[in-house]
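Encoded as structure tokens, the structure appears first; notes follow it.
Residue numbers (the UniProt record's numbering): 1 to 206.
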């Protein structure tokens, strides 16, 4: 299901595509021997596309957006969004860091400064989908890790009780009770975080 945040991201990518097309028409790399000798503009870790045309990379971004995993596959969904964000930033950096482009298109650049003055609109479009769910997933992961450690600590205490006297065993038992208290609070935190995630996901599906 499409969301308002997703639609906004699509609009931002469409705007980026227009700027990439204008950039390519300027043929800024035509007289640059170093750039002409390069097989592609970006590292393979960012794009699979090999081209000296900026718009070809935006086409890959469009493909990534169109094949975005559903929200139900939260980890794959967030990973894909992070990749899209990095790709958008990379394309924008090429445009932003080319003085000739900025000079030749000064009037156009100023006229569209509200939508393309910085990379912020593109990053915000991605973040609006990822946040705050992304932070909640991290919180949930940390809570589960804390739960795992507490369970291990309880098991270790139980093993220690097998080889000690009554007095020491009583002290260890008190330690176990304290750990169970912490474990209970940790599991409540996990449940609370899971509920928050469900609320966020429902809002995103509207």
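Think of the CB as a built atom: it goes at the ideal place given N, C-alpha and C, for glycine as much as any other residue.
Span separating the alpha-carbon of residue i from that of residue j
i, j, result
"residue 136", "residue 78", "12 Å"
"residue 52", "residue 197", "42 Å"
"residue 145", "residue 159", "21 Å"
"residue 47", "residue 143", "34 Å"
"residue 94", "residue 149", "46 Å"
"residue 45", "residue 8", "26 Å"
"residue 24", "residue 61", "17 Å"
"residue 138", "residue 170", "37 Å"
"residue 154", "residue 71", "36 Å"
"residue 14", "residue 69", "20 Å"
"residue 4", "residue 11", "11 Å"
"residue 188", "residue 199", "17 Å"
"residue 17", "residue 63", "13 Å"
"residue 283", "residue 6", "The chain is shown from 1 up to 206; residue 283 falls before or after that span and cannot be answered."
"residue 73", "residue 190", "19 Å"
Cβ separation of residue i and residue j, assumed to be a contact under 8 Å, to the nearest whole Å
i, j, result
"residue 65", "residue 21", "Not quite, the Cβ-Cβ distance comes to about 17 Å (not below 8 Å), so this is no contact."
"residue 157", "residue 183", "Contact flag wrong, Cβ pair sits at about 12 Å."
"residue 50", "residue 40", "4 Å"
"residue 42", "residue 90", "6 Å"
7 Å Cβ cutoff, residue i in contact with chain C
i, result
"residue 65", "Protein chain content of the structure displayed is limited to a single chain, and chain C is not contained in it."
Span of the alpha helix (DSSP H) around residue i
i, result
"residue 14", "4-25"
"residue 87", "74-96"
"residue 207", "Look at the range of the chain in this structure, 1 to 206, and you will see that residue 207 is not part of it."
Residue i classed as buried or exposed, judged by whether at least 16 other C-beta atoms fall within 10 angstroms
i, result
"residue 177", "exposed"
"residue 174", "exposed"
"residue 152", "exposed"
"residue 84", "buried"
"residue 58", "buried"
"residue 88", "buried"
"residue 19", "buried"
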